[in-house]
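Each residue of the sequence shown is one higher than the last, beginning at 1 in the UniProt record's numbering. Positions of the beta carbon are idealized from the N, C-alpha and C atoms, including for glycine.
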Amino acid sequence: MSVPSDRVPGLRVLTVLRAAALTPRMRRITLGGPEVAGFGTGPNVKLLFPPSGDPDPQWPTAGADGRPVWPPADRRPVMRTYTVRRHDPAAGEVDVDFVLHGDAGVASRWAAAARPGDVVGALGPGGRVLGPADHYVIAGDQTALPAIGAMIENLPAGARGQAVVEVPGPAEVQHLMPPPGVELTWLFGDGAGPGALAAAVRALPWPDGDVFAWVAGESASVRAIRSYVRDERGLPRGRVLAIGYWKRGLTETAYHDAHDNDRDADYYAAGREEAAARA
1 MSVPSDRVPG
11 LRVLTVLRAA
21 ALTPRMRRIT
31 LGGPEVAGFG
41 TGPNVKLLFP
51 PSGDPDPQWP
61 TAGADGRPVW
71 PPADRRPVMR
81 TYTVRRHDPA
91 AGEVDVDFVL
101 HGDAGVASRW
111 AAAARPGDVV
121 GALGPGGRVL
131 GPADHYVIAG
141 DQTALPAIGA
151 MIENLPAGAR
161 GQAVVEVPGP
171 AEVQHLMPPP
181 GVELTWLFGD
191 GAGPGALAAA
201 VRALPWPDGD
211 VFAWVAGESA
221 SVRAIRSYVR
231 DERGLPRGRV
241 LAIGYWKRGL
251 TETAYHDAHD
261 NDRDADYYAA
271 GREEAAARA
């Protein structure tokens, strides 16, 4: 299906096909519709959430200089980056999992209320991926669980590594299927303290050989783990992918506006190096 010619290039409008609770705090939204055809490959997608109750969502268009022209503030969609948990091209479906945390964030509110027929904009997918390695060290909190699930379930059958996932409690554990050589550990975070995830990573026996570390979640935890694997374990920047998804004490919007997801110079430099190697 063709899309309006004045839209920002690459922008699709996807339709909610169904929604399902995975756990008390995690909801899966399955997206599809005519414009899902040709949806590419990549770990992340930028979703554009229209204002609540807008009967005729307005989307950014391409200006004469190629830059996006956004609708007025009261009609402007809010953009956030989410993991593509599953993409089934044959079925024309894309799954995106959302952590529900009340009314504290635009995306969470949208996901909690999403019903079949609702629409959302989508740009992408894209983003950095795990590089080949002898051993993987993967860590994240519940906000990183969709990415970790997609990642470890798509590792090669012979992959080896350790993955640590921090969730609030046993009710938030999901059935993931990593390769036999990847050990998955669940850490229950309620009452464990803000440094629990970093401490759990430090407690892992450090593997020999070529190691790739991936970490995402709360800003302070990500920074602590990134410092550990870079400064103490000596991993080069191209072997570390670390992203902060949120920060204690800040709303989703305030963190998004102020912190650029804690991506540092290493993140962008490694991304440029990977792109050059693929060229």
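Boundaries of the beta strand (DSSP E) in which Met151 is found, first to last residue
Translated into positions along the sequence shown, residue 151 becomes position 151. Counting along the chain, Met151 falls outside any beta strand (DSSP E), though it belongs to the alpha helix (DSSP H) covering 145–153.
Could you say if the region 138–151 and the region 76–89 meet the contact criterion of at least three C-beta pairs nearer than 8 Å?
yes
Entirely enclosed alpha helix (DSSP H) segments - the UniProt domain "FAD-binding FR-type" (9–132), minimum 4 residues:
Fully enclosed alpha helix (DSSP H) runs of 4 or longer: 106–113.
Straight-line CA distance for Asp118 to Thr15?
As a working mapping, residue 118 is identified with position 118 in the sequence shown. As a working mapping, residue 15 is identified with position 15 in the sequence shown. In this structure, the CA atom of Asp118 is about 6 Å from the CA atom of Thr15.
What is the DSSP secondary structure of Gln174, reduced to helix, strand or coil?
Here residue 174 corresponds to residue number 174 of the sequence shown, with the count starting at 1. If DSSP states are grouped into helix, strand and coil, Gln174 belongs with coil.
State the DSSP-derived secondary structure class of Leu184, mapped to helix, strand or coil.
Start at 1 with the first residue of the sequence shown, and residue 184 comes out as number 184. It is a strand residue.
Stretch-stretch touch, CB-based, cutoff 8 Å, three pairs: the region 21–34 with the region 57–74:
no
Thinking Ser221 and Ala198 are a contact (beta carbons under 8 Å), I'd like their distance in whole angstroms, please.
Position 221 of the sequence shown, counted from the first residue, corresponds to residue 221. Position 198 of the sequence shown, counted from the first residue, corresponds to residue 198. Correct: roughly 5 Å between the Cβ atoms.
Please list, in chain order, all residues of the same chain as Gly40 whose beta carbon is under 7 Å from its beta carbon, the five residues on each side excluded.
In the sequence shown, residue 40 corresponds to position 40, counting from 1. Correct list, in chain order: Pro125.
Taking the alpha-carbon positions, what's the Asp141 to Ala216 distance?
Taking the sequence shown and counting its residues from 1, the one referred to as residue 141 is at position 141. Taking the sequence shown and counting its residues from 1, the one referred to as residue 216 is at position 216. Their Cα atoms are separated by approximately 7 Å.
For His87, does the count of other Cβ atoms within 10 angstroms reach 16, so buried, or fall short, so exposed?
Numbered from 1 along the sequence shown, position 87 holds the residue referred to as residue 87. By the 10 Å Cβ count, His87 comes out buried.
Using only CA atoms, which one of Asp97, Val8, Leu187 lies nearest to Pro43?
On the sequence shown, residue 43 is found 43 positions in, with the first residue counted as 1. Of the candidates Asp97, Val8, Leu187, the one whose C-alpha sits nearest the C-alpha of Pro43 is Asp97.
Determine which residues share a DSSP beta bridge with Ala163 and list them.
As a first step, residue 163 must be located in the sequence shown, where it is residue number 163. Ile138, Leu184.
Kindly indicate which residue of Arg109, Arg76, Ala113, Ala91 has the alpha-carbon position closest to the one of Ala19.
In the sequence shown, the residue the question calls residue 19 occupies position 19. When each option's Cα is compared against that of Ala19, the closest is Ala113.
Which word fits Ala111, buried or exposed, when buried means at least 16 other C-beta atoms lie within 10 angstroms of its C-beta?
In the sequence shown, the residue the question calls residue 111 occupies position 111. So Ala111 counts as buried.
Candidates Met151, Val240, Gly105: closest to Trp246 by CA position:
Reading the sequence shown from its first residue, position 246 is the one you call residue 246. When each option's Cα is compared against that of Trp246, the closest is Gly105.
Rounded Cβ spacing between Pro207 and His135 (contact assumed at less than 8 Å)
Along the sequence shown, read from residue 1 onward, the residue named residue 207 stands at position 207. Along the sequence shown, read from residue 1 onward, the residue named residue 135 stands at position 135. Contact flag correct, Cβ pair sits at about 4 Å.
Do the region 44–51 and the region 61–78 touch if we need at least three Cβ pairs shorter than 8 Å?
Contact holds: three or more Cβ-Cβ distances are below 8 Å.
How many angstroms separate the CA atom of Asp178 from the CA atom of Pro71?
Looking up residue 178 in the sequence shown gives position 178. Looking up residue 71 in the sequence shown gives position 71. For clarity, residue 178 is Pro in the given sequence; the question names Asp instead. C-alpha separation (whole angstroms): 43 Å.
Residue range of the unbroken alpha helix (DSSP H) whose run includes Val201:
Here residue 201 refers to the residue found at position 201 of the sequence shown. 196–203 is the span of the alpha helix (DSSP H), which, as asked, contains Val201.
Could you give the C-beta distance for Leu155 and Val182, rounded to a whole number, given that I count them as a contact under 8 Å?
For the purposes of this step, residue 155 is identified with residue 155 of the sequence shown, where counting begins at 1. For the purposes of this step, residue 182 is identified with residue 182 of the sequence shown, where counting begins at 1. The Cβ separation is near 6 Å, so the contact holds.
Give the range of the alpha helix (DSSP H) segment to which Val220 is assigned.
As a working mapping, residue 220 is identified with position 220 in the sequence shown. Looking at the sequence itself, residue 220 is Ala, so the reference to Val does not match. Start and end: 219–227.
Since Ala242 is in the beta strand (DSSP E), which residue starts that stretch and which ends it?
As a working mapping, residue 242 is identified with position 242 in the sequence shown. Note, Ala242: beta strand (DSSP E), 240–246.
Whole angstroms is fine: what's the gap from residue 280's alpha carbon to Leu250's?
Missing from the structure shown is residue 280; the chain here goes from 1 to 279 and no further.
What whole-angstrom Cβ distance do Leu204 and Val129 have, given they're in contact under 8 Å?
One-based indexing of the sequence shown puts residue 204 at position 204. One-based indexing of the sequence shown puts residue 129 at position 129. At roughly 22 Å, the Cβ-Cβ gap does not stay under 8 Å, so Leu204 and Val129 are not in contact.
Closest Cα partner of Ala139 within the set Ala157, Ala133, Gly161, Gly234
As a position in the sequence shown, residue 139 is number 139, starting the count at 1. The option with the nearest alpha carbon to Ala139 is Gly161.
Would DSSP call Ala254 helix, strand or coil?
Residue 254 sits at position 254 when you count from the first residue of the sequence shown. In the structure shown, Ala254 sits in a helix (DSSP, three-state: H, G or I).
Between Ala200 and Arg226, is the Cβ-Cβ spacing less than 7 Å?
Reading the sequence shown from its first residue, position 200 is the one you call residue 200. Reading the sequence shown from its first residue, position 226 is the one you call residue 226. The answer is no: Cβ separation not under 7 Å.
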